[in-house]
Every structure is written in structure tokens, then in C-alpha cells.
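Here is the structure we will look at.
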Amino acid sequence: MQALLDAVGSVVVGGMVLVTIITALSNVQAYGYNINIQLTLNKISESITSVLDDRYLSSLATFSPTSSPPVSKENAILNASRTRLRFWGEIDGAISRIDIRVGAQDAQTGWWPLTVEIEGNLDFGEFFISQQNVFTYFDESSNQMAFSGNTIPGSQTDEIHSAKLELAYVLTGMANNSGVTQNIHNKIIFWKFFKNLYIE
-16 MQALLDAVGS VVVGGMVLVT IITALSNVQA YGYNINIQLT LNKISESITS
34 VLDDRYLSSL ATFSPTSSPP VSKENAILNA SRTRLRFWGE IDGAISRIDI
84 RVGAQDAQTG WWPLTVEIEG NLDFGEFFIS QQNVFTYFDE SSNQMAFSGN
134 TIPGSQTDEI HSAKLELAYV LTGMANNSGV TQNIHNKIIF WKFFKNLYIE
């Protein structure tokens, strides 16, 4: 009888050790996967931010007074809100309306899509971010401009000289052994000075 109890005890202890090892391996695999996703998200988000800066935001008011259609630098920014910046700029040799915007929240994930449209056509995106409010605007003296609701009033858009963008990119990670899925985040904050608005 004692031998039977010893055998049962050994099986129980061995099973607990085996379950612990399998659980640990599963968690290590999830952590490894999430680290890989974090590194990938870092690279992707830096590339997206670079394109937003170099291709789109740098084009704001890059036209001459004789450009067609004729647009003055005072009227270069069409709409400025916490979730949207719409402006005139030169892209691919043409003066166009460029619209960087945060769309409606996705019901399933709770994230917001970030897109860029040129003349109403999707040109870049969509990329998911975990916060809705992206833009903060500053005047010539680097004072933060006041929003009316979520928008800079149209009569004040000609006073915008720079913007701060806060982009919190997000991807879904792998669930750990307890079934909890972690969202992987990479937040990038950068300032863009619209030098074409005030340098002749």
C-alpha cells in the first residue's frame, strides 16, 4: 500500500512539474513573439512617421504665387483640428488638397485609423493608433493655439506655424498562458515647423 501511495504521489508531483514547464515555455513563446512584434512595430511606425513628415507635411505651402490653382500662403491650411489637418501642398508636381486625418473608432479593437488622402483619394494608410487626438498647433511665437471644440477656428488657421503630432501606433500581440492578449504600442511625438508659411 505504501508503494502505491508513493507511486501516486510521484505521478502527481511529476505532473505538476510537467505542467509548470509547459506553462513556462508557453509564456516564453508569447513574450518572444510580443518582443518581435514590438521591434517590427518600432520599424514600421518610424517609416510611417518619416513618410508623413517628408512627403506630406513638408509639402504644406510649397507652391509659388503663380501656381495653378492659385493659393496664397495665408489660405494654405484649410482645416486644423485635433484629428485632422487639411491643407494645400505640392505633391508629385501638382498643387493638391492633402488631408491627414484620424477616422472613426473601430468598434472591435477600439483603435482609430490614420489615413492620408489627396484630393479625396486614399494615398497612404490606413494605420491604427490607440488615441484619437493627434494634432496640437502653435503660432509664430510658439504659443499653443486654443481649440474651439476640437477645431482651430477658420479665421485663425493662417496663424499656425507649427504642429505637434502624437502618434500612438498599436498592434495586437500574442496572448500569454492566462489568456490575456497584450496590445503592443509605440508612441512617437514629433514637431513640424511649416517653414514654407513664413519663409519667402
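Per this note's numbering, residue -16 is the first one in the sequence shown, and the count goes up by one each step. Idealized CB from N, CA, C, for every residue including glycine. Values in this document were obtained by computation on a predicted structure and should not be read as measured data.
Rounded straight-line distance, which links the Cα of residue j to that of residue i
i    : j     : result
V117 : I4    : 44 Å
D89  : M(-1) : 42 Å
D141 : F176  : 14 Å
N159 : Y14   : 8 Å
L35  : V2    : 48 Å
D272 : S161  : Outside the modelled stretch of the chain, which goes from -16 to 183, sits residue 272, for which no answer is possible.
T164 : Y16   : 12 Å
I83  : M128  : 19 Å
S131 : A87   : 20 Å
I101 : K26   : 25 Å
L105 : V85   : 13 Å
T45  : S125  : 21 Å
F181 : E123  : The sequence given here has Tyr at residue 181, not Phe. Cα to Cα, Y181 sits roughly 9 Å from E123.
Test item: CB-CB of residue i and residue j under 9 Å
i      : j    : result
L40    : L154 : no
S138   : F121 : no
Q(-15) : N169 : no
N179   : K56  : yes
G67    : G103 : According to the sequence displayed, residue 67 carries Arg and not Gly. No, the pair does not count as a contact, with Cβ atoms beyond the cut-off.
I60    : I143 : yes
Same chain, Cβ closer than 7 Å to residue i, five either side skipped, listed in chain order
i    : result
G108 : P96, L97, T98, V99
S50  : I78
V54  : F46, W71, I78
Residue-chain proximity (residue i, chain C), Cβ-Cβ < 9 Å
i   : result
F70 : Looking for chain C here will not work: only one protein chain is present.
Beta-ladder partner(s) of residue i, from DSSP
i    : result
W94  : DSSP, once it has assigned bridges, lists no residue as partnering W94.
S79  : G72
T23  : Looking at the DSSP assignment, T23 forms no beta bridge with any residue, so it has no partner.
Q127 : F121
F176 : S145
L154 : I167
Residues near residue i by beta carbon distance below 6 Å, same chain, minus five either side
i    : result
R65  : N116, F118, N133
N62  : R69
N42  : Reading the sequence as shown, one finds Ser at residue 42 and not Asn. Cβ within range, chain order: G72, E73, I74.
K147 : T119, W174
Proximal residues to residue i (C-beta, below 8 Å), its chain only, five neighbours per side dropped
i    : result
P52  : I78
F111 : D89, T92, W94, W95, P96, L97, Y152, V153, L154
Q12  : M157
Q114 : W95, E149, A151
I172 : K147, L148, E149, L150
Closer than 8 Å: residue i CB and nearest the ligand COA heavy atom
i   : result
A59 : Inclusion of the ligand COA in the displayed structure is not the case, the ligand content being empty and no account of it being possible.
- Task: State whether the region 97 to 114 contacts the region 24 to 41, with contact taken as three or more CB pairs (one from each stretch) at a distance under 8 Å.
- Result: These segments touch.
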